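Chains as they are written, first to last, in the numbering used here: chain E, 363 to 941; chain C, 363 to 941.
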């Protein structure tokens, strides 16, 4: 029997129920967003007792489907005030799925000042006090070690880091990955929601759990094979990402003039070689030691866009060293040393903060005079202050919108108070529509129009022109909402966008697992429904079309080298959600 | 001829026009709000080049009507994102009116990094570079001295203080009062708008200006006399405010259990005697020297609620030492020493920040662990850091909502990101409706329902009950919007609320000045129109009824001693604007 688990931390009540009928057949984002829209008062304070936090594996998680190990986490976001789904790799999703846990809901706030650990295993749910030694500034790497020691090295772990304990709106939820390193449900401050509930961690032990039941195993295996072939035969998902990681995009975006630099004043930099994926590959290869050029964030990943980045002595510094973080610190903040950026990435993982939000905030803080441009040492020190937190640490940990507010800037690159990532909307117009309109606040993963605009996968649009972008942004957001419900990594898109067989294989796997006969029309419908549910929440929380706008300066500051501005009219932008 | 002056700081263009037809017959808030709604894009960034700043005297300003010297300032607020009108005493309004200047509009942003001074005199408008010595942290007291030295001691002066130069969202606009001290257009951060336009100051020299023309002087004089009698014969406006200043309210609200204390956790304190108006009166009287128990913020004031508060040696510390500031620091932040609070008040005037917003932010910062409870020395030091600004100074200068964000608090007393002032909405329910619904963000002056709830002037409502409050809050907001358009001090309300002759005399003065025959119905209509215009702007800026809500904790945390919660339903709250 599939389980729907509720833990209420106000009275420490645990409820293990069958999945409510209305949530049957849903997984991942479809489930978390429906639940939040149903049960959370849209005008509640995100850090108050009435917000709820839900964890849900995707529909295919726990199976042998390639790249299906992503976990969705949902709540009302303390950063944006919107509904939020963010997802992560790691081992959590697969363990939940194997144990038949369709959702874990955390409600309420303890009346005392202690922090707690929720433990899930085959015997049910227990609530422990968090060990003193992992509280009050203890980094996530250490906390994972301590909890692995206490609960066993095989368990899955979710953590609110120091930033989450302090309820900073950039706090992420950090997850132990297969090797005991860190993966993050990064955006929107859900770690602060966890911290507000005094929930330091969740431990999951799937010892004794069987395999996820598959209705038609033969069909499933056949479809999984076709799907895997589609991923591996595509140059992006089969080669580029494995060789250079997501950081392969530095040179691509720089060439396209869409790499926002020096707080979104330029679209191209001279020092791209310092921070490119090609350089990262060469550095890792040259240094050897712990270094790995290619590595997956969860078991069953065949794309392997992650890597282990080592120091000069070959000792592991960080993994999951993503393009968006490297872009923000390297190009937007002008830090030219990849080793310094790697240490910052490690520090942000260790503190448990969204490395996109805080890194963009760093660049904005440089424009605001809070930090010197390009100064890696000053930035690493400032990031470490978030763990304390000092006043400067609190400002950066408050996110980009807070930095803009306390520095009196109008050049604050946020939508719905969430930082705009690594693709300038003036020269990659499609992605600008996603930033503006997604219910999540600025988020490239909510409809990655960079694909058809720049990579020419799944579309061929002129990134500098408006033509076709509205329809494309709409379809990308709909498709993404569906994919985010399957537990699939977003990058499977590259494999299936131009491969009808690959796409059909994805649907076939779902059908084979659940004994269904869904069509691509059903998948689109699912995506549309998810987005409508999310928009409904946001509307009731007070969001209107006036919030679906980019910061005004994009409209009148032209971006070199193409010297283009953001020129969609409000009416055009509003067309994205005309479905 | 009445003038409508526009200064565009992008190209330094000056335009002196007749008052556009649609603004004829409007003054004060009616004029500023209509103009902002007409000409400012509601989704613009408040600190970007497309925001505009407008200064307008009230309809009766510059005449001999008692208490008619208030000036309205309007813009889109960088604190709230709403339309904003805030008003101030000082000499500016009367000088503008005498010179026939119905409005000064400041637009654009200079392309260089210099700060400027706009000078208005009988020869027109000039734009000077600001003297170096008043820039970069120079306090307002000194800046007024320097500018008075340069332009003459008789001129009026408006200033963006250090906080305004740094574009902090709590920056006010500081005005020289008749004695060269400071009055403030306090709320909503309009000093930051001034700073964003690199406008350090405005100097007005009315040398050579005649009297404001009066169509029917006899009638005017007669009405003014009746009006003055109404004010002086009322115990609040004729006696209480003169004797004890607005700080008379400490004991009244404490007794009523509506004095929000220790960040809105209690409605009553034990140390009320330390900070009461009665104590202030006794201290000023005892210390002598520069001390003045009673004093007006502008010429022609007959209420005289201001005072000069001296130190132990009798030397002037501060004036305009208001209840709301003393409440926030004394009760909400628990600082028990009135002298310390006086130095903080002076420091905030000198830096040019809203003493309500920053003082409430101080109390919230104490809950957040940024400052120790009740520690006057630490707070004075922190306030002075706003002038630098240090990171801590920036956080406090960011306002209460920013403090709540970076401290991860759900107990953040703001509406539309503006701090809730000195009357707890759980035990003074009428004022809670004003906080929730006024287009200004939480603002007691937008519909001072404390009057009929606590003071029993103009109404007799049970402050702990909902009965009659919706209609009362509606009528108070409508009436206030009208009064804010006349240039009248808000406190004339006490004199006219229960005096039909007094109210008629106010209308008679307007009619006599302009040769009109307005009725009380027209006045109500004016108030309604102003509010509708403001709501229209806010709606287009993205505000909905979901923003017309108090922070959620008021709904479930009962306030001692009455142990009442905020229990208006959303539907009831929305009824306030049902007109």
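Cβ atoms here follow ideal geometry from the backbone N, Cα and C, with glycine treated the same way. The structure presented is a predicted model; accordingly, all values stated were derived computationally and were not measured.
When you compare the CB of residue 503/E with every CB in chain C, is at least one pair closer than 9 angstroms?
no
Would the beta-carbon of residue 504/E fall within 9 angstroms of that of residue 566/E?
Result no, Cβ atoms of residue 504/E and residue 566/E do not sit closer than 9 angstroms.
Of all the options 410/E, 418/E, 443/E, which has the alpha carbon lying nearest to the alpha carbon of residue 471/E?
410/E
Assign residue 635/E to one of two classes, buried (16 or more other C-beta atoms within 10 Å of its C-beta) or exposed (fewer than that).
exposed
Since residue 785/E contacts residue 806/E with CB under 8 angstroms, what's their CB separation in whole angstroms?
6 angstroms
Determine the burial state of residue 825/C: buried for a count of at least 16 other Cβ atoms within 10 Å of its Cβ, exposed for fewer.
By the 10 Å Cβ count, residue 825/C comes out buried.
Kindly identify the DSSP beta-bridge partner or partners of residue 866/C.
Answer by DSSP bridge pairing: none, since residue 866/C is not bridged.
Any beta carbon of chain C sitting closer than 9 angstroms to that of residue 563/E?
no
Go ahead and label residue 534/E buried or exposed: buried means 16 or more other beta carbons lie within 10 angstroms of its beta carbon, across all protein chains shown.
buried
Contact set for residue 883/C: own chain, Cβ-Cβ below 6 angstroms, skip 5 residues either direction:
none
Three or more C-beta pairs below 8 angstroms linking the stretch 519–527 of chain C and the stretch 595–606 of chain C:
no
Can you find a C-beta in chain C that's less than 9 angstroms from the C-beta of residue 757/E?
Interface criterion met: the Cβ of residue 757/E is under 9 angstroms from a Cβ in chain C.
For residue 386/E, which of 538/E, 838/E, 619/E, 364/E has the nearest alpha-carbon?
364/E
Does residue 897/E get closer than 9 angstroms to chain C when you measure Cβ to Cβ?
no
With a threshold of 16 other CB atoms inside 10 Å of the CB of residue 675/E, please say whether the residue is buried or exposed.
exposed
Pick out whichever of 407/C, 493/C, 645/C has its Cα sitting closest to the Cα of residue 558/C.
Per the Cα distances, 407/C.
Can you round the beta-carbon distance between residue 726/C and residue 774/C to whole angstroms, since I take them to be within the 8 angstroms contact cut?
6 angstroms
Write down the C-beta distance between residue 573/E and residue 457/E rounded to the nearest angstrom, noting that I regard them as a contact closer than 8 angstroms.
Not really, about 12 angstroms apart at Cβ, beyond 8 angstroms.
Using a Cβ-Cβ cut-off of 9 angstroms, state whether residue 914/C counts as contacting chain E.
yes
Of the listed residues 858/E, 631/E, 707/E, 829/E, nearest to residue 681/E (C-alpha basis):
707/E
Would you decide whether residue 829/C is buried or exposed? Buried here means 16 or more other CB atoms lie within 10 Å of its CB.
exposed
Evaluate the contact criterion for the stretch 485–502 of chain E versus the stretch 419–432 of chain E: three or more CB pairs, one atom per stretch, below 8 angstroms.
no
Straight-line Cα distance separating residue 511/C from residue 529/E
51 angstroms
Which class does residue 813/E belong to by DSSP, given the choice of helix, strand or coil?
Helix, per DSSP.
Is the beta carbon of residue 710/E sitting closer than 9 angstroms to the one on residue 447/E?
No, they are not a contact pair.
As assigned by DSSP and simplified to three states, the class of residue 518/C:
strand
Against residue 554/E, what residues of chain C qualify as contacts under a CB-to-CB distance less than 8 angstroms, listed in chain order?
770
Closer than 9 angstroms, CB to CB, is residue 529/E near chain C or not?
Yes - at least one Cβ of chain C is within 9 angstroms of the one on residue 529/E.
When DSSP labels each residue in this structure, what does residue 887/E get in the three-state scheme?
helix
At the 9 angstroms Cβ level, is residue 597/E part of the contact set with chain C, yes or no?
no
Take every Cβ of the stretch 620–629 of chain C, pair it with every Cβ of the stretch 651–668 of chain C, and state whether three or more of those distances are shorter than 8 angstroms.
no
Close beta carbons around residue 916/E, own chain, < 7 angstroms, minus the five adjacent residues each side
787, 788, 927, 928
For residue 594/C, which option in 858/C, 935/C, 579/C has the closest C-alpha, if you only look at C-alpha atoms?
858/C
Where the alpha helix (DSSP H) through residue 762/E begins and ends:
762–768
According to the neighbour-count rule (16 or more other Cβ atoms, all chains shown, within 10 Å of its Cβ), is residue 450/C buried or exposed?
buried
Going by DSSP, name the residue or residues bridged to residue 450/E.
433/E
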